[in-house]
Structures are given as structure tokens and as C-alpha cells.
Amino acid sequence: STRIEGGAYALAERIAERLPPDKLRMGFAVASCKRTDATAASPLVLTSCSGSRVLARRAVFAVPPRLLAERVIFSPSLSDRRCKAMASSRTWTLTW
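With full-length UniProt numbering applied, the sequence shown covers 1 to 96.
This is the structure we're talking about:
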């Protein structure tokens, strides 16, 4: 088990601090994450649960891996190994 001082929220905050404000989208509940073509460097199309879309070079998901595996559809699909690792990760918090 890996624990982060301050929790996952603190990690997300630290990442957000280093990004230009105009490149940061908070509160965008992602339903799917698709590459625009087969290359790893191609842009991502992120579609929210409400249907709005954002084009991005990179995405940082500030949710526990297990929830990411359950709630976001990736295309191309993530490897079976990665999906299993994400699905089996424990989700807990000391601050709720």
C-alpha cells in the first residue's frame, strides 16, 4: 500500500499549482478519454458525464485508481494488467 502525505487531494493540488491556470480544468467529471489517432502523442478527447468535450495533450485524473477504472472509458483500452491493478487498489481516506 502506498500512502501520500496529505492524501490524494494534496497530490492533485501540487500538480495544479504547477500548471498554467488557462490549461487547468477543475470539476470536469470525465466519462471517456479517447486518443484522436493511434499514436501515443496524439491529442486526447475528454468527454464529460454531461456530454461536453475538451481537447487536451495530457490529462491528470484526481480520483482514486479504482474509481477511474470503474467510471472512465479509455480508447484505446488500457492494458489488462493496468486495469486489474487500478481495480484492485484500495480507496480510503483519513479526512472524510
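Idealized CB from N, CA, C, for every residue including glycine.
Point to revise | Length-filtered (4 minimum) alpha helix (DSSP H) runs lying within the UniProt domain "Amine oxidase" (3-88) | key: Runs of the alpha helix (DSSP H) inside the UniProt domain "Amine oxidase" (3-88): 7-17, 65-71 and 80-88.
Review point. Whose C-beta lies closer than 7 angstroms to the C-beta of TRP96 among residues of the same chain, with five residues either side of it excluded?
Key: Numbered from 1 along the sequence shown, position 96 holds the residue referred to as residue 96. At TRP96, the pLDDT of 48 sits below 50, so the modelled position is not reliable and the matter cannot be decided from this model.
**Study point:** Alpha-carbon to alpha-carbon, VAL45 and GLY27
**Key:** On the sequence shown, residue 27 is found 27 positions in, with the first residue counted as 1. On the sequence shown, residue 45 is found 45 positions in, with the first residue counted as 1. One C-alpha to the other measures close to 16 angstroms.
Review point. Are the Cβ atoms of residue 97 and SER89 separated by less than 7 angstroms?
Key: As displayed, the chain neither begins before 1 nor continues past 96, which places residue 97 out of reach and without an answer.
Exercise for review: Check whether the segment 50-57 touches the segment 69-85, counting contact only when three or more Cβ pairs, one atom from each stretch, lie closer than 8 angstroms.
Suggested key: Judged by pairs of C-beta atoms under 8 angstroms, the segment 50-57 does not touch the segment 69-85, as fewer than three such pairs exist.
Review point. Whose CA, out of GLU70, ALA87 and ALA29, lies closest to the CA of VAL60?
Key: One-based indexing of the sequence shown puts residue 60 at position 60. The shortest C-alpha separation from VAL60 is found at ALA29.
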